[in-house]
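What follows is a set of notes on a single structure, which appears directly below.
Residue numbers (UniProt numbering): 1 to 246.
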């Protein structure tokens, strides 16, 4: 189908107007979407300027769909679905909840419609078990925890896909008396706030908490007809464990 037709369908289901103020969403390519057709789509979390070898791979696709707005403009036509996908019912936050077997009951941030609060299916469970299951389901060992107590029982969970562990959302989670808040991008001030309030934070990384939503997004796009590949790029850093001598 023509790119313009595809974008129209996407925007009926995931409206651009849901995006948070200042967020870059929608088509950011330079080619008129009314004049090119889309059959093969690559769905990525992030775009990083590719090497010449990777350019060959990218050139197989008619369209790149990104979750995060790119730092540099990609070489192929690109469409961004970001905070509108985080916010919408059934989008990234709900995909994370489903992955962790949490049944959403309400929004975390009522103002921005961001995040979910829900009950653990077949809960409560110990914090230790919850962490093990989270690591298994998100396929990640690299997590940071504030207020770890292996005897604590977890029933009421707040979550935000990606960027939730900031002071504003942590304060909301404290006020709503959740047992644990799962997201990524924990800051030092946010960790101190949670520590003082006794709220358990789990930073399971921005990427890992958004990947279930990326897979769901790819599945949705595939139902519209194109061939879709969701590429798992993994974390953009390495952990160096050895001690460096000075």
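From the three backbone atoms N, C-alpha and C, an ideal C-beta is built for every residue, glycine too.
State whether the region 82 to 95 contacts the region 41 to 52, with contact taken as three or more CB pairs (one from each stretch) at a distance under 8 Å. Contact between the region 82 to 95 and the region 41 to 52 is absent, because fewer than three Cβ pairs lie under 8 Å.
Exposure of residue 13, with buried meaning 16 or more beta-carbon neighbours within 10 Å: Sequence index remark: in the chain shown, residue 13 carries index 13 (1-based). Exposed, since its Cβ has fewer than 16 Cβ neighbours within 10 Å.
Which residue or residues does DSSP assign as beta-bridge partners of residue 104? Here residue 104 is taken as the residue at index 104 of the chain shown, counted from 1. When beta bridges are read from the DSSP output, residue 104 appears opposite 118.
Validate contact between the region 198 to 209 and the region 217 to 230 using beta carbons, cut 8 Å, 3 pairs: In short, these stretches do not touch, since the Cβ pair count stays below three.
Does the distance from the CB of residue 185 to the CB of residue 154 come in under 7 Å? Locating residue 185 in the chain shown gives position 185, counting from the first residue. Locating residue 154 in the chain shown gives position 154, counting from the first residue. The answer is no: Cβ separation not under 7 Å.
Quick check on residue 192: does DSSP put it in helix, strand or coil? As a first step, residue 192 must be located in the chain shown, where it is residue number 192. Three-state DSSP puts residue 192 in a helix.
Nonlocal neighbours in the same chain, by C-beta distance under 6 Å from residue 72, ignoring five residues either side: Here residue 72 refers to the residue found at position 72 of the chain shown. 49, listed in sequence order.
What residues in its chain sit with their C-beta under 6 Å from that of residue 260, if we drop five residues either side in the sequence? Outside the displayed range of the chain (1 to 246) lies residue 260, so it cannot be described from this structure.
Quick one: what's residue 78 bridged to in DSSP? To locate residue 78, count along the chain shown from 1; it is residue 78. For residue 78, which the question treats as bridged, DSSP gives the partners 64.
Can you check whether the CB of residue 213 is closer than 7 Å to the CB of residue 228? As a first step, residue 228 must be located in the chain shown, where it is residue number 228. As a first step, residue 213 must be located in the chain shown, where it is residue number 213. No, these two residues do not count as a Cβ contact at 7 Å.
With three or more beta-carbon pairs closer than 8 Å as the criterion, would you say the region 29 to 42 touches the region 52 to 69? Result yes; three or more Cβ-Cβ pairs closer than 8 Å.
Closest to residue 19 by C-alpha separation, out of 122, 111, 58, would be which residue? Mapped onto the chain shown, residue 19 falls at position 19. Ranked by how close their Cα comes to the Cα of residue 19, the residues 122, 111, 58 have 111 in first place.
On the three-pair Cβ rule with 8 Å, is the region 143 to 153 touching the region 185 to 200? The region 143 to 153, when compared against the region 185 to 200, does touch it at the 8 Å Cβ threshold.
Kindly indicate which three-state DSSP category residue 42 falls into: helix, strand or coil? Here the question's residue 42 lines up with position 42 in the chain shown. The DSSP-derived three-state label of residue 42 is strand.
What is the DSSP secondary structure of residue 145, counted as helix, strand or coil? Position 145 of the chain shown, counted from the start, is the residue given in the question as residue 145. Residue 145 falls in the strand class under three-state DSSP.
Mind checking residue 165: buried by the 16 CB within 10 Å criterion, or exposed? For the purposes of this step, residue 165 is taken as residue 165 along the chain shown, with counting starting at 1. With 16 or more other Cβ atoms inside 10 Å of its own Cβ, residue 165 counts as buried.
Do you know how far the Cα of residue 5 is from the Cα of residue 98? Here residue 98 corresponds to residue number 98 of the chain shown, with the count starting at 1. Here residue 5 corresponds to residue number 5 of the chain shown, with the count starting at 1. Straight-line Cα distance between these residues: approximately 30 Å.
For residue 48, which three-state DSSP category applies? Translated into the one-based positions of the chain shown, residue 48 becomes position 48. Annotated three-state conformation of residue 48 is coil, per DSSP.
How should residue 116 be labelled, buried or exposed, when 16 other C-beta atoms within 10 angstroms of its C-beta is the threshold for buried? Here residue 116 corresponds to residue number 116 of the chain shown, with the count starting at 1. Residue 116 is buried by the Cβ-count criterion.
Beta-carbon gap between residue 108 and residue 158 smaller than 7 Å: Position 108 of the chain shown, counted from the start, is the residue given in the question as residue 108. Position 158 of the chain shown, counted from the start, is the residue given in the question as residue 158. Between residue 108 and residue 158, the C-beta gap is smaller than 7 Å, which places the two residues in contact.
Count the other CB atoms within 10 Å of the CB of residue 151; is the residue buried (16 or more) or exposed (fewer)? Here residue 151 refers to the residue found at position 151 of the chain shown. Classification for residue 151: exposed.
Can you name, in chain order, every residue of its own chain whose Cβ lies under 6 Å from the Cβ of residue 130, other than the five neighbours on each side? Here residue 130 is taken as the residue at index 130 of the chain shown, counted from 1. Taking C-beta separations shorter than 6 Å and ignoring five residues to either side along the sequence, the partners of residue 130 in its chain run 154, following chain order.
Considering only C-alpha positions, which residue in the set 124, 156, 188, 183 is nearest to residue 175? Along the chain shown, read from residue 1 onward, the residue named residue 175 stands at position 175. Measuring from the Cα of residue 175, the nearest candidate turns out to be 156.
Which residues in the same chain as residue 94 place their Cβ atom closer than 7 Å to its Cβ, once the five residues preceding and following it in sequence are excluded? For the purposes of this step, residue 94 is taken as the residue at position 94 of the chain shown. These residues qualify, in order along the chain: 104, 116.
Please name the residue in 161, 32, 84 whose C-alpha comes closest to that of residue 24. Locating residue 24 in the chain shown gives position 24, where the first residue counts as 1. Of the candidates 161, 32, 84, 84 places its Cα closest to the Cα of residue 24.
Grouping DSSP H, G and I as helix and E and B as strand, with all else coil, what is residue 248? Lying outside 1 to 246, the shown extent of the chain, residue 248 is not represented and no answer is given.
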